[in-house]
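Engineer:
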Amino acid sequence: MMKDEIVIAEALDGQIRIHAACTTALVEQARIHHHCMPTSAAALGRTLTVTAIMASDLKGENEKVTAMFNGHGPAGTVLAQADAKGNVKGFIGDPNLYLVREDGHLAVGQAIGTDGNLTVSRDMGLKEPFTGVSKIQSGEVGDDFAYYFAISEQTPSVVGVGVLVSPDGTIKASGGLIYQLLPNATEEAISFCENVAATQKPVSELIDSGLSLDEIIHTYFSDANILDRRNIQWHCECSKERFAASLMTLKDSEIEEMINDEKGAECVCQYCNTAYQFTSEDLKEILKQKHVENREC
Ligand SMILES: [Zn+2]
260 MMKDEIVIAE
270 ALDGQIRIHA
280 ACTTALVEQA
290 RIHHHCMPTS
300 AAALGRTLTV
310 TAIMASDLKG
320 ENEKVTAMFN
330 GHGPAGTVLA
340 QADAKGNVKG
350 FIGDPNLYLV
360 REDGHLAVGQ
370 AIGTDGNLTV
380 SRDMGLKEPF
390 TGVSKIQSGE
400 VGDDFAYYFA
410 ISEQTPSVVG
420 VGVLVSPDGT
430 IKASGGLIYQ
440 LLPNATEEAI
450 SFCENVAATQ
460 KPVSELIDSG
470 LSLDEIIHTY
480 FSDANILDRR
490 NIQWHCECSK
500 ERFAASLMTL
510 KDSEIEEMIN
520 DEKGAECVCQ
530 YCNTAYQFTS
540 EDLKEILKQK
550 HVENREC
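The number in this note's numbering is simply the position in the sequence shown, starting from 1, with 259 added.
#1: What are the start and end residues of the alpha helix (DSSP H) that includes glutamine 288?
#2: For the alpha helix (DSSP H) containing arginine 305, list its first residue and its last residue.
#3: Round the Cβ separation of isoleucine 265 and arginine 488 to the nearest angstrom and send it over; I've been treating them as touching at under 8 Å.
#4: Using a Cβ-based criterion (distance less than 8 Å to any ligand heavy atom), does lysine 348 qualify as near ligand 1?
#5: Quick one, which of Met261, Glu516 and Val324 has its alpha-carbon nearest alanine 280's?
#6: Give the single residue among Ser299, Thr378 and Thr325 whose Cα lies nearest to the Cα of glycine 368.
#7: Quick check: valine 324 and leucine 303, are their CB atoms within less than 9 Å of each other?
#8: Ligand 1 heavy atoms versus the CB of glutamate 496: any closer than 8 Å?
#9: Among the residues of its own chain, which have a CB less than 6 Å from the CB of isoleucine 475, if the five just before and after it don't count?
#10: Using 8 Å as the threshold, is the region 304-324 in touch with the region 515-534, meaning 3 or more CB pairs across them?
#11: Using 8 Å for Cβ pairs, my map puts alanine 268 next to asparagine 484. What's the rounded Cβ distance?
#12: Would you kindly report the start and end of the unbroken alpha helix (DSSP H) that includes asparagine 454?
#13: Check whether the region 442-454 and the region 421-433 touch, using three or more Cβ-Cβ pairs below 8 Å as the test.
#14: Pull up the distance between the alpha-carbon of cysteine 526 and that of lysine 348, whole angstroms please.
#15: Report yes if the C-beta distance between tyrosine 438 and valine 417 is below 9 Å; otherwise report no.
#16: Closest by CA to serine 387, which one among Glu322, Gln548 and Ala334?
#17: How big is the Cα-Cα spacing for serine 505 and glycine 345?
#18: May I ask which residues mark the beginning and end of the beta strand (DSSP E) holding valine 420?
#19: Among the candidates Asp482, Lys549, Gly372 and Thr478, whose CA atom is the shortest distance from the CA of glutamate 513?
#20: Please tell me whether valine 420 and phenylalanine 404 are closer than 9 Å, where the distance is taken between their beta carbons.
#21: Just checking my contact of leucine 440 with glutamine 288 at CB under 8 Å: how many whole Å lie between their CB atoms?
#22: Look up glycine 401 in the DSSP assignment and say whether it is helix, strand or coil.
#23: Let me know if glycine 469 comes out buried or exposed under the rule of 16 or more other beta-carbons within 10 Å of its beta-carbon.
#24: On a Cα-Cα basis, can you pick out the residue from Lys499, Met507, Gln529 and Lys394 that is closest to glutamine 536?
#25: Ligand 3 and threonine 325: does the residue's C-beta get closer than 8 Å to at least one heavy atom of that ligand?
#26: What do you reckon, are the CB atoms on aspartate 353 and glycine 335 nearer than 9 Å?
#27: DSSP three-state call for aspartate 487: helix, strand or coil?
#28: Can you determine whether any heavy atom of ligand 1 sits closer than 8 Å to the C-beta of cysteine 528, and answer yes or no?
#29: Among Glu540, Ala534 and Leu542, which residue has its Cα nearest to the Cα of histidine 292?
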């Protein structure tokens, strides 16, 4: 299997910027962590893929990109977050969807819905993140990000993104190909991109056929220069210590109540669905620590 990676390139003397991504392994991890059925896996996987590509342009260590679909479809909220180190995580409101269109493709647009917005936040480590909002077009994810890039970031873009799911429900291939016209683009470059968009095969099928990302780029942009490559991976930084710290923000009476009912507490990470168990003994320790920390203040 091809390793997960993003390749960044330019073509037509720097008039077109290209990002190609293979995300098969990380989308498979997302599917496993959230127990996703195929349509949910595809909706989440496509969103994770474009978000990972957007984050590959980040420069600072602590910068991150968050993309969120709220389309009022059965999927509920679909959210992905990626950072400058290539760590990608996310979740979907309903992971149990298996909706299929009449043509046999997974009905991602129907799952996400079109009554709402795509919100993208670029957190550059400043006080306020830069947030852009655009109306969801089809809910198919690629179209919606293309519209977002055009409206919110004034960058005409073609966004191809796809997830192939095997009959056994595992992820067979996943990836994305985004090409964007830079401000110096001529009419010739514009029509070149339109022509590529009209003839391009789905990127997940290209990855599944065994082509490398460089080969995929050169198939459509024969003069492309490869500029950079980035590793990407499914990763959530949550830990039992982090949840213990958030339990410490509860009132004493709430912690005491959990200690007294002797069932302990379970905290589940929204991003990666990992469950952390806290016994009554753990909770007593948290209560004790809480008072130590208060005294130190
Ligand atoms: Zn987590």
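Yeah, the Cβ is synthetic: ideal placement off N, Cα and C, and Gly gets one too. Model, not experiment: these values are computed from the prediction.
Structural biologist: In short, the structure shows the following:
#1: 283-293
#2: 297-314
#3: 7 Å
#4: yes
#5: Met261
#6: Ser299
#7: no
#8: yes
#9: Ala279 and Leu465
#10: no
#11: 6 Å
#12: 446-458
#13: no
#14: 18 Å
#15: yes
#16: For the sequence presented, residue 387 should be read as glutamate rather than serine. For the residues Glu322, Gln548 and Ala334, the minimum Cα distance to glutamate 387 belongs to Glu322.
#17: 26 Å
#18: 416-424
#19: Lys549
#20: yes
#21: The pair is not a contact, with the Cβ atoms about 33 Å apart (cut-off 8 Å).
#22: helix
#23: exposed
#24: Lys499
#25: Annotation note on ligand 3: not contained in the displayed structure, which lists ligand 1 as its ligands.
#26: yes
#27: strand
#28: yes
#29: Ala534
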